Amino acid sequence: MAHEAPQYVAARVQRALAEGENTHELGIRVDVRGDQLFLRGKVSTEERRTRLAGVAGEAAPELKVRNEITVVEIRDPGEEESL
Amino acid sequence: MKARIAAVGDIHLGEDVRGKFRERLAGIEERADVLLLAGDLTRHGTVEEGKVVADELRDLPIPVVAVLGNHDYHSDAQDTITALLNDAGVTVLDDASTVLVCHGERLGIVGGKGFGGGFAGKCASEFGEPETKEFVRHTKDIAERWRIALKELQADHRVVLAHYSPVKDTLEGEPKEIYPFLGSYLLAEAVDAEGADLILHGHAHLGTEKGMTPGGIRVRNVALPVLGRAYGVYSLNGH
Ligand SMILES: [Fe+2]
Ligand SMILES: [Fe+2]
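Protein sequence lines correspond, in order, to chains A and B.
Position in the first sequence counted from 1, then plus 1161, gives you this note's numbering.
Position in the second sequence counted from 1, then plus 482, gives you this note's numbering.
What follows is the structure, encoded as structure tokens:
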């Protein structure tokens, strides 16, 4: 089989994250560089972060997943904005 | 008098985070008069998740008004989710309006999920295949319903609550290629035509908080990852 273009691999992973029943995460950027797969974005829990890397790894088993997704820190509401 | 509006979108709740959102709302009645939720309340749009959202919002000391987002439609359970939220005391707006009284003044809210299509000069048109036409027509129909709701709205303060964005300012940070799926200028055009004090939306998790319509109406992207805080508070001052 011909070597799969990195763009297609990235697109396949992104679809898996967006359409996967356990993920449905639309806001993740996926980039393939050499044999590495970079995931970037923000999620709400550590568990969701780990789950996304797992799904990405299954969609592209030949690549090393670099999980750069961060867990959003939620601060206090803070000052109100006067409009 | 001023109306203090707390707003957040894209809370994407599920069983795994049950209880956490409610914790963050502690003391909200001291900071705000109403809580507005800008859609994507769930992750997969299931009835189970809808129950979590309803439980987190039940009996809050201030009124809660919400719109749904694309995630809340994913499992075709939007009507059940709406009913669950209604039972919990939450008003869900689907291209409709509601008026609350805050400190003796009427706060009018027109709300709906909105939809995509893109922004002036770089947008989809109602042309070609039926699928394309249907996509664009969906946004046009929504914009028209908002325009009528705003026209009929009798209130001292006017707020539009949406999921999709009416402007591209608040999308800054998102890849440009997906802008047409993040919002539509038709929504802003409708609101500019009838006037409002503020437009709140979510959906663009990587976007920016502040923007403005071509007509000068303030727009705030209150998606939780954008705010990085439990909710934003915006106070509308009397005229
Ligand atoms: Fe969202
Ligand atoms: Fe969304």
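Glycine included, each C-beta is placed from N, C-alpha and C at the ideal position.
Please read all numbers here as calculations on a predicted model, not as lab measurements.
Range covered by the beta strand (DSSP E) that runs through residue i
i               : result
Y716 (chain B)  : 714-718
R486 (chain B)  : 485-490
E531 (chain B)  : From DSSP, E531 (chain B) is part of no beta strand (DSSP E) but of the alpha helix (DSSP H) over 529-539.
D1192 (chain A) : 1190-1194
N1228 (chain A) : 1225-1232
V546 (chain B)  : 546-549
V701 (chain B)  : 700-703
L517 (chain B)  : 516-520
I591 (chain B)  : 587-593
R446 (chain B)  : The structure shown does not extend to residue 446 (chain B), since chain B is modelled only from 483 to 721, so the question has no answer here.
T580 (chain B)  : 578-584
V708 (chain B)  : It is not in any beta strand (DSSP E) - V708 (chain B) instead sits in the alpha helix (DSSP H) that spans 706-709.
T573 (chain B)  : 572-574
Own chain partners of residue i with C-beta closer than 7 Å, once the 5 adjacent residues on each side are dropped
i              : result
L688 (chain B) : G655, E656
F503 (chain B) : I493, L495, E538
R629 (chain B) : A672, A675, E676
T528 (chain B) : S557, A559
K650 (chain B) : F601, Y661
Own chain partners of residue i with C-beta closer than 6 Å, once the 5 adjacent residues on each side are dropped
i               : result
V708 (chain B)  : G689, E691
R640 (chain B)  : G590, A678, D679
G1181 (chain A) : V1216
V642 (chain B)  : V592, V673, A678, I681
A508 (chain B)  : none
R500 (chain B)  : V534
Cβ-heavy atom distance, residue i to ligand 2, below 7 Å
i               : result
N703 (chain B)  : no
H553 (chain B)  : yes
H685 (chain B)  : yes
H620 (chain B)  : no
H645 (chain B)  : yes
V1196 (chain A) : Before going on, a small fix: residue 1196 (chain A) reads as Asp here, not Val. No - ligand 2 has no heavy atom lying nearer than 7 Å to the Cβ of D1196 (chain A).
D541 (chain B)  : no
Residue i Cβ short of 7 Å to ligand 1 heavy atom set
i               : result
G496 (chain B)  : no
D537 (chain B)  : no
D522 (chain B)  : yes
D1237 (chain A) : no
D478 (chain B)  : The question about residue 478 (chain B) has no answer here: the residues shown for chain B are numbered 483 through 721.
Neighbourhood of residue i by C-beta, 8 Å cutoff - its chain only, sequence neighbours within 5 removed
i               : result
M1162 (chain A) : With a pLDDT of 49 at M1162 (chain A), under the threshold of 50, the predicted position of this residue should be treated as unreliable, though the coordinate-derived value follows. Here the set comprises nothing.
I622 (chain B)  : Inspection of the sequence shows that residue 622 (chain B) is occupied by Lys rather than by Ile. The answer, listed in chain order, is E608, L668.
V1233 (chain A) : K1203, V1204, S1205
K1141 (chain A) : Residue numbering for chain A in the displayed model covers 1162 to 1244; residue 1141 (chain A) lies beyond these limits and cannot be assessed.
E1219 (chain A) : A1177
T562 (chain B)  : V529, G532
V1192 (chain A) : Before going on, a small fix: residue 1192 (chain A) reads as Asp here, not Val. Within the same chain, D1192 (chain A) has close Cβ partners A1171, L1198, F1199, R1201.
Residue range of the alpha helix (DSSP H) that includes residue i
i               : result
K633 (chain B)  : 612-634
H553 (chain B)  : 552-555
A1217 (chain A) : 1207-1220
I681 (chain B)  : Unbroken run through I681 (chain B) is the beta strand (DSSP E), 680-683; no alpha helix (DSSP H).
F1199 (chain A) : From DSSP, F1199 (chain A) is part of no alpha helix (DSSP H) but of the beta strand (DSSP E) over 1197-1204.
A664 (chain B)  : Looking at the sequence itself, residue 664 (chain B) is Leu, so the reference to Ala does not match. It is not in any alpha helix (DSSP H) - L664 (chain B) carries neither H nor E in the DSSP assignment.
V1149 (chain A) : Given a span of 1162 to 1244 for chain A in the structure shown, any question on residue 1149 (chain A) remains unanswerable.
V649 (chain B)  : Per DSSP, V649 (chain B) belongs to no alpha helix (DSSP H) and is neither H nor E.
8 Å Cβ cutoff, residue i in contact with chain D
i               : result
I1235 (chain A) : The chain labelled as chain D is not found among the protein chains of the depicted structure, namely A and B.
For the pair the stretch 605-612 of chain B and the stretch 552-562 of chain B, tell me if three or more CB-CB distances fall below 8 Å.
Because the criterion of three Cβ pairs below 8 Å is not met, the stretch 605-612 of chain B and the stretch 552-562 of chain B do not touch.
Counting only Cβ-Cβ distances shorter than 9 Å, please list the residues of the stretch 1200-1228 of chain A near chain B, keeping chain order.
For the stretch 1200-1228 of chain A, the residues whose beta carbon sits under 9 Å from a beta carbon of chain B are, in order, G1202, K1203, V1204, S1205, T1206, E1208, R1209.
For the stretch 1183-1196 of chain A, which residues have a CB atom closer than 7 Å to at least one CB atom of chain B, in sequence order?
Cβ contacts with chain B: H1185, G1188.
Closer than 8 Å, Cβ to Cβ, to anything on chain A: give me those residues from the stretch 657-674 of chain B, in chain order.
Correct list: P657.
Determine contact between the stretch 517-527 of chain B and the stretch 535-554 of chain B, defined as no fewer than three beta-carbon pairs at a distance below 8 Å.
Touching, yes.
Mind listing which residues of the stretch 536-560 of chain B have their C-beta closer than 8 Å to chain A's C-betas, in chain order?
Result list: H553, H556.
Report yes or no: do the stretch 567-579 of chain B and the stretch 609-619 of chain B share at least 3 C-beta pairs separated by less than 8 Å?
Segments in contact, no.
Looking at chain A, which residues of the stretch 500-515 of chain B have a Cβ within less than 7 Å of any of its Cβ atoms?
Those would be R506, R513, in chain order.
Residues in the stretch 635-658 of chain B with C-beta within 8 Å of chain A's C-beta atoms, listed in sequence order?
Flagged, chain order: P657.
The stretch 708-720 of chain B: positions lying closer than 8 Å to chain A by Cβ
Of all residues in the stretch 708-720 of chain B, those with a C-beta nearer than 8 Å to a C-beta of chain A are G710, R711, A712, Y713, G714, V715, Y716, S717, L718, N719, reading in chain order.
Short of 8 Å Cβ to Cβ, which residues in the stretch 678-700 of chain B face chain A?
Legend: CB atoms of the stretch 678-700 of chain B lying less than 8 Å from CB atoms of chain A belong to residues D679, L680, H687, L688, R700.
Where the stretch 519-531 of chain B meets chain A: residues whose CB sits under 9 Å from a CB there
From the stretch 519-531 of chain B, only R525, H526, G527 have a Cβ closer than 9 Å to chain A.
Proximal residues, the stretch 485-500 of chain B versus chain A, C-beta separation under 8 Å
Flagged, chain order: R486, A488, H494, D498, V499.
Return the residues of the stretch 561-583 of chain B that lie within a Cβ-Cβ distance of less than 7 Å from chain A, sorted by chain order.
Sequence-ordered contacts of the stretch 561-583 of chain B with chain A are nonexistent [C-beta pairs closer than 7 Å].
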